[in-house]
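If you read the protein sequences in the order shown, they are chains A and B. Residue 223 in UniProt numbering sits at position 223 of the first sequence, and the numbers go up by one each step. Residue 251 in UniProt numbering sits at position 251 of the second sequence, and the numbers go up by one each step. Heads up, the beta-carbon is just placed ideally off N, CA and C, and yes, glycines get one too. Quick caveat: nothing in here was measured; it's all calculated off a predicted structure. The structure appears right after this line, and notes come after that.
2 protein chains.
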Amino acid sequence: MPRSSNSSSAKGGPVTLAMVARRAGVSSQTVSNAINSPDLLRPETLERVRRVIDEMGYRPSRAAQTLRTRSSKLIGYGIQSAAFSYPVLDRFLHAVSQAAEEAGYRILLFACPPGGPTLDGYEELLDQHEVDGFVLSGTERGDPRQAWLTKRGVPFVGFGRMWSGRPIGDWVDVDGASGTDAAVEHLVALGHRKIAFLGWERGSSSAGDDRAEGWQRAMRRHGLPTRGRRGQSSVNDSDVARAAVKPLLDGGATAVVAASDMLALGCYQTLRERGQTPGRDVAVIGFDDSPTAELLFPALSSIAQPLEAIGRECVRLLLARMAAPDAPPERILLEPSLVVRDSATASPAGGG
Amino acid sequence: MPRSSNSSSAKGGPVTLAMVARRAGVSSQTVSNAINSPDLLRPETLERVRRVIDEMGYRPSRAAQTLRTRSSKLIGYGIQSAAFSYPVLDRFLHAVSQAAEEAGYRILLFACPPGGPTLDGYEELLDQHEVDGFVLSGTERGDPRQAWLTKRGVPFVGFGRMWSGRPIGDWVDVDGASGTDAAVEHLVALGHRKIAFLGWERGSSSAGDDRAEGWQRAMRRHGLPTRGRRGQSSVNDSDVARAAVKPLLDGGATAVVAASDMLALGCYQTLRERGQTPGRDVAVIGFDDSPTAELLFPALSSIAQPLEAIGRECVRLLLARMAAPDAPPERILLEPSLVVRDSATASPAGGG
DNA sequence: TCTCAGCGTTGGATCGTTCAAAAGACATTA
DNA sequence: TAATGTCTTTTGAACGATCCAACGCTGAGA
Numbered sequence: 001m002p003r004s005s006n007s008s009s010a011k012g013g014p015v016t017l018a019m020v021a022r023r024a025g026v027s028s029q030t031v032s033n034a035i036n037s038p039d040l041l042r043p044e045t046l047e048r049v050r051r052v053i054d055e056m057g058y059r060p061s062r063a064a065q066t067l068r069t070r071s072s073k074l075i076g077y078g079i080q081s082a083a084f085s086y087p088v089l090d091r092f093l094h095a096v097s098q099a100a101e102e103a104g105y106r107i108l109l110f111a112c113p114p115g116g117p118t119l120d121g122y123e124e125l126l127d128q129h130e131v132d133g134f135v136l137s138g139t140e141r142g143d144p145r146q147a148w149l150t151k152r153g154v155p156f157v158g159f160g161r162m163w164s165g166r167p168i169g170d171w172v173d174v175d176g177a178s179g180t181d182a183a184v185e186h187l188v189a190l191g192h193r194k195i196a197f198l199g200w201e202r203g204s205s206s207a208g209d210d211r212a213e214g215w216q217r218a219m220r221r222h223g224l225p226t227r228g229r230r231g232q233s234s235v236n237d238s239d240v241a242r243a244a245v246k247p248l249l250d251g252g253a254t255a256v257v258a259a260s261d262m263l264a265l266g267c268y269q270t271l272r273e274r275g276q277t278p279g280r281d282v283a284v285i286g287f288d289d290s291p292t293a294e295l296l297f298p299a300l301s302s303i304a305q306p307l308e309a310i311g312r313e314c315v316r317l318l319l320a321r322m323a324a325p326d327a328p329p330e331r332i333l334l335e336p337s338l339v340v341r342d343s344a345t346a347s348p349a350g351g352g
Numbered sequence: 001m002p003r004s005s006n007s008s009s010a011k012g013g014p015v016t017l018a019m020v021a022r023r024a025g026v027s028s029q030t031v032s033n034a035i036n037s038p039d040l041l042r043p044e045t046l047e048r049v050r051r052v053i054d055e056m057g058y059r060p061s062r063a064a065q066t067l068r069t070r071s072s073k074l075i076g077y078g079i080q081s082a083a084f085s086y087p088v089l090d091r092f093l094h095a096v097s098q099a100a101e102e103a104g105y106r107i108l109l110f111a112c113p114p115g116g117p118t119l120d121g122y123e124e125l126l127d128q129h130e131v132d133g134f135v136l137s138g139t140e141r142g143d144p145r146q147a148w149l150t151k152r153g154v155p156f157v158g159f160g161r162m163w164s165g166r167p168i169g170d171w172v173d174v175d176g177a178s179g180t181d182a183a184v185e186h187l188v189a190l191g192h193r194k195i196a197f198l199g200w201e202r203g204s205s206s207a208g209d210d211r212a213e214g215w216q217r218a219m220r221r222h223g224l225p226t227r228g229r230r231g232q233s234s235v236n237d238s239d240v241a242r243a244a245v246k247p248l249l250d251g252g253a254t255a256v257v258a259a260s261d262m263l264a265l266g267c268y269q270t271l272r273e274r275g276q277t278p279g280r281d282v283a284v285i286g287f288d289d290s291p292t293a294e295l296l297f298p299a300l301s302s303i304a305q306p307l308e309a310i311g312r313e314c315v316r317l318l319l320a321r322m323a324a325p326d327a328p329p330e331r332i333l334l335e336p337s338l339v340v341r342d343s344a345t346a347s348p349a350g351g352g
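Next up, the structure:
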């Protein structure tokens, strides 16, 4: 089957609908139908048209489709400045892209200025009809995007719960509380009782609060005290992170559950500085399962997010919203999974 | 100045060229000229049209522009499967996006299947006129993309030298050799003589070979032997990485320069396993300056790539290629910078 | 016999923009 | 006055697809 490409570099320019139509001896509308509503055609016509499409290597022009249908089949994603580094962004983007492509969509990147996303970028993309919807991430309290997009009737989905006052919009999130809960369970089973939590400042990050919550409820369930066992670091400051670990260790903690792998690393640092060995003297569990986790010594136990599923669900919810703008919002909470490595396999040194 | 938005959610649909024209009392072509060739208009007409454009919040429809001009103002970037994790991808993508936007372009993501990029994704994007060009990364020997794109006359730029036989195409790369050379210089200044290099298998990665080369030439310049001081790990296997470090340490190396932060971490692991402390017993320098480098204990010295500059140059070269398809190829080699942290500040323990 | 819905297909209008070329305005020159 | 040229604006036709309203024909129901 000689399937030549629709290359515009080949002589004669791109293959158009009309060219296919002429060669197949039908009108261009019929060719269009062959692609978009094959059931309208008589089987033999369909067969013939399809063969010609294949022979000529025809592919519809996205620009023309977009102009006519007013749908670009593009999904916008604002990529934040690297200030707040997200170690698994590459996997997330790959997952979203792949899921989008399976539905005939693609991801359009645009740069969000440092210091939090503004609405300008979103407005420009919309006004120019460049995108059909958005995937948001890093949605925090006070983020104006959700309300603004909702008001304008723009489809969007958030990766991360959106808790600006009353909940609005669709989102997909990971049940962080469930993850830290499982981490505590694992540590308790090993015999740990003094389990600390190292997170961010209360209220500064909703995901952080969520993860703290899981730790707290698991501790309570086992009748273990949490008082004085919660350390608060500021976001993105490794010095503060290290300082925040100290009172926890001074309090005799034999295990630390951290709200991110970065914080877990701060914990490693402080332990090393004191001449202690992470994993042996104090068990550590991180969050995110970033690529470096398994390369550390000892290998860092961490709570892995199901990124492929997240990407899939984001796209699914977004397409559903486009199809039914007035349907009730849908929220998906996915389970993370605890990846146990050497940093959390030992029982407490002093017996708990 | 009441600048209302071009929202399609507002009643009446989007603002078009014709609507602006009617309101300004000119033809739509004149409005188009006001935007694309302002010098054709009489100053007072230009002023009036511009005011109306601003009042109505008009923004040209990208789809219509694309259809007419045959240029989508989009740049394709194939994001590889997460198998080969690249820790600074987020910073690279942000940099490229930002640079692209300053030139009126945006980045279109598409998922490359695991196991190396295929041409299908590129062909589809081209045939549908979705992109004007590509940014490639992870270009290795035997990569068919460069030759294929060149043959079809598609503009592209590589991040990473493209060494498939004779060089083709434009690229931007980091002078890895210069980076490892500087690392050796730094270590020599500290008094180290037995400086090992931990890289990947010879020939498996061109960037890896390049980085090895810099180490070798610096060693030779100082009259230091390199024999038996080069360790070879396979890509992406931390066990092999750890094993590869051992002979280097057994050989009495007091410092290790690694071809990536991942490999440097393997080095940390092996040292810890032997009860040694990285940075104190053996100096370690990584490559990439991934976000975790400064969070390790001791903080990992690393060679940082100028990602913002890389993004800017990629876009610049790509646009130049589009403007002049037959111009001679341009290659940019950027200098990385050594970031010294605790892992490489001590003189050799035994005196070198 | 007449109407009418359904069949697979078609022609024409349309989406919003830019290109090419014609047309108008105005001053200059013969 | 008419011809010439320059500067500014308009007209008409694409770009390549989809939407809509019909086409002529058949068979079923009234």
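Nearest-angstrom Cα separation, counted from D90 (chain A) out to S259 (chain A): Correcting the residue identity first, residue 259 (chain A) is Ala in this sequence and not Ser. Roughly 20 Å between the two C-alpha positions.
Looking at the strands, I want to know which residues DSSP matches up with A224 (chain A). At residue 224 (chain A) the sequence reads Leu, which differs from the Ala that was named. Answer is none; L224 (chain A) lacks a bridge partner.
Take the Cβ of E102 (chain B) as the centre, count every other Cβ of all protein chains shown within 10 Å, and call the residue buried at 16 or more, exposed below. exposed
What is the DSSP secondary structure of A18 (chain B), counted as helix, strand or coil? helix
Could you please give me the residues that DSSP links to Q232 (chain A) through a beta bridge? Beta-bridge pairing links Q232 (chain A) to A:G199.
Quick check: the Cα distance between A283 (chain A) and T270 (chain A), rounded to an integer number of angstroms? About 13 Å.
Which residues of chain B have a Cβ atom closer than 7 Å to the Cβ of N66 (chain A), listed in chain order? A quick correction: the sequence has Thr, not Asn, at residue 66 (chain A). Residues of chain B passing the Cβ test: A63.
Three-state class that DSSP yields for A63 (chain B) in the structure shown: In the structure shown, A63 (chain B) adopts helical secondary structure according to DSSP, grouped into three states.
Cross-chain neighbours of Q98 (chain A) in chain B, by beta carbon under 8 Å: A111
Please state whether DSSP places I168 (chain B) in a helix, a strand or coil. coil
Any chain B beta carbon closer than 8 Å to L319 (chain A): no
Using only CA atoms, which one of B:P247, B:E294, B:R22, B:R141 lies nearest to L263 (chain A)? Answer by Cα proximity: B:E294.
Restricting to runs no shorter than 3 residues, where is the beta strand (DSSP E) found entirely within the stretch 105-147 of chain B? 106-111, 133-137
Do you know whose CA, among B:R227, B:L307, B:D143, B:R321, lies nearest S205 (chain B)'s CA? B:D143
Please identify the residue among A:E47, A:A320, A:G208 whose C-alpha is closest to the C-alpha of P155 (chain A). A:A320
Along chain A, which residues have their Cβ under 7 Å away from the Cβ of S81 (chain B)? H94
Let's see if you can read the secondary structure: which residues bound the beta strand (DSSP E) around A258 (chain B)? 255-258
For G179 (chain A) and R331 (chain A), the rounded distance between their alpha carbons: 18 Å
By how many angstroms is the C-alpha of G57 (chain A) removed from the C-alpha of S9 (chain A)? Legend: pLDDT at S9 (chain A) = 43, less than 50; position of this residue unreliable, no value from coordinates given.
Quick check on this structure: which residue in A:D132, A:L224, A:T150 has the alpha carbon closest to the alpha carbon of V184 (chain A)? A:L224
Counting along the chain, where does the alpha helix (DSSP H) carrying A189 (chain A) start and finish? 176-189
Considering only DSSP beta bridges, list what R331 (chain B) is partnered with. B:W171
Supposed contact pair S27 (chain A) and H129 (chain B) - C-beta distance, whole angstroms, cut 8 Å: In fact, because the Cβ distance is near 23 Å, the residues do not count as touching under 8 Å.
Could you spell out the range, first to last residue, of the alpha helix (DSSP H) harbouring Y58 (chain A)? Taken as a continuous stretch (DSSP letters only), Y58 (chain A) belongs to no alpha helix (DSSP H), as it is neither H nor E.
Using DSSP's beta-bridge definition, name the partner residues of V157 (chain A). A:V135, A:D170
Looking at the unbroken beta strand (DSSP E) that takes in F92 (chain B), where does it start and where does it end? No beta strand (DSSP E) holds F92 (chain B); the alpha helix (DSSP H) holding it covers 89-102.
Does any C-beta atom of chain B lie closer than 8 Å to the C-beta of F159 (chain A)? no
Let me know the secondary structure DSSP gives K11 (chain B) once reduced to three states. Because K11 (chain B) sits at a pLDDT of 47, beneath the cut-off of 50, its placement in the model cannot be relied upon, and the point is left open.
Just verifying my parser: in three-state terms, what is the DSSP assignment at V240 (chain A)? helix
Does chain A have any CB closer than 8 Å to the CB of Y86 (chain B)? yes
What is the rounded straight-line gap between the Cα of G352 (chain B) and the Cα of M219 (chain B)? No answer about G352 (chain B) holds up, because its pLDDT of 40 lies below 50 and its placement is not dependable.
Beta-carbon neighbours of D90 (chain B), restricted to chain A and to distances below 9 Å: Simply I79, Q80, A82, S85, Y86, P87, L89, D90, L93.
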